[in-house]
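Here the structure is laid out as structure tokens; the discussion comes afterwards.
Numbering (this note's numbering), first residue to last: 842 to 1040.
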């Protein structure tokens, strides 16, 4: 049986783990280890390439959005973002930031792009993207709830349709990433609630 351990400390390498974030990044590492095992590879090349890959996707996303207004504007904006020290360091270091930022921004932009389409197919796509973003990093959980509030407040449908669509979006987000946090708050470590200090 698998026993849930609220706080895990590995004395061999002094690694201390508290599961505040989603499992997407660790699961990608696990998948790579499974695929590398038959070949004796132990380099984590795929996991380390994720930072640069999603950094490139962020640049492409910036260019794609802005080039619709002006091609040169999109190109200059992408170059300026690339040349900032924060972006360059984030892409160079082995970290989760570009991975989570891409999916969070992509979810918001996707909603803006298809905001006039009000059917369950498009709502499923939006809920899925926000859920995936939450499954990557806990900050996206707050983005999910902020989006749900904004969706409910600014949607032009009748109140009963608003409620129905909001519930559907929330359920979709749960299926694709929020479930981990709900379980951790109710049955696990208490998630971020245990680390928030009110002064």
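Using N, Cα and C, we set each Cβ at its ideal position, and we do this for glycine too. On a predicted model such as this, the values are computed, not experimentally measured, just so you know.
C-beta contact flag for residue i and residue j at 8 Å
i: residue 923; j: residue 900; result: yes
i: residue 1009; j: residue 982; result: no
i: residue 965; j: residue 896; result: no
i: residue 959; j: residue 934; result: no
i: residue 967; j: residue 951; result: yes
Proximal residues to residue i (C-beta, below 7 Å), its chain only, five neighbours per side dropped
i: residue 919; result: 900, 903 and 904
i: residue 955; result: 963
i: residue 888; result: 869, 870 and 873
i: residue 907; result: 914, 915 and 918
i: residue 862; result: 978 and 979
i: residue 1011; result: 989
i: residue 875; result: none
i: residue 1039; result: Here the model assigns residue 1039 a pLDDT of 47, short of 50, so the residue's position is not dependable, and the following value carries that caveat. Cβ neighbours of residue 1039 beyond the five flanking positions: none.
Assigned exposure category for residue i - 16 Cβ within 10 Å defines buried
i: residue 994; result: exposed
i: residue 1024; result: exposed
i: residue 945; result: buried
i: residue 932; result: buried
i: residue 988; result: buried
i: residue 985; result: buried
i: residue 970; result: buried
i: residue 1018; result: buried
i: residue 948; result: buried
i: residue 972; result: buried
Nearest neighbour of residue i, chosen from the options [CA to CA]
i: residue 1013; options: 917, 961, 950 and 862; result: 961
i: residue 890; options: 873, 992, 950 and 969; result: 873
i: residue 936; options: 1005, 875, 884 and 892; result: 892
Proximal residues to residue i (C-beta, below 6 Å), its chain only, five neighbours per side dropped
i: residue 943; result: 895, 898 and 899
Own chain, CB closer than 8 Å to residue i, minus 5 neighbours either side, in chain order
i: residue 1020; result: none
i: residue 941; result: 974, 977, 978, 980 and 981
Three Cβ pairs or more, each shorter than 8 Å: is that satisfied between the region 860-872 and the region 959-978? yes
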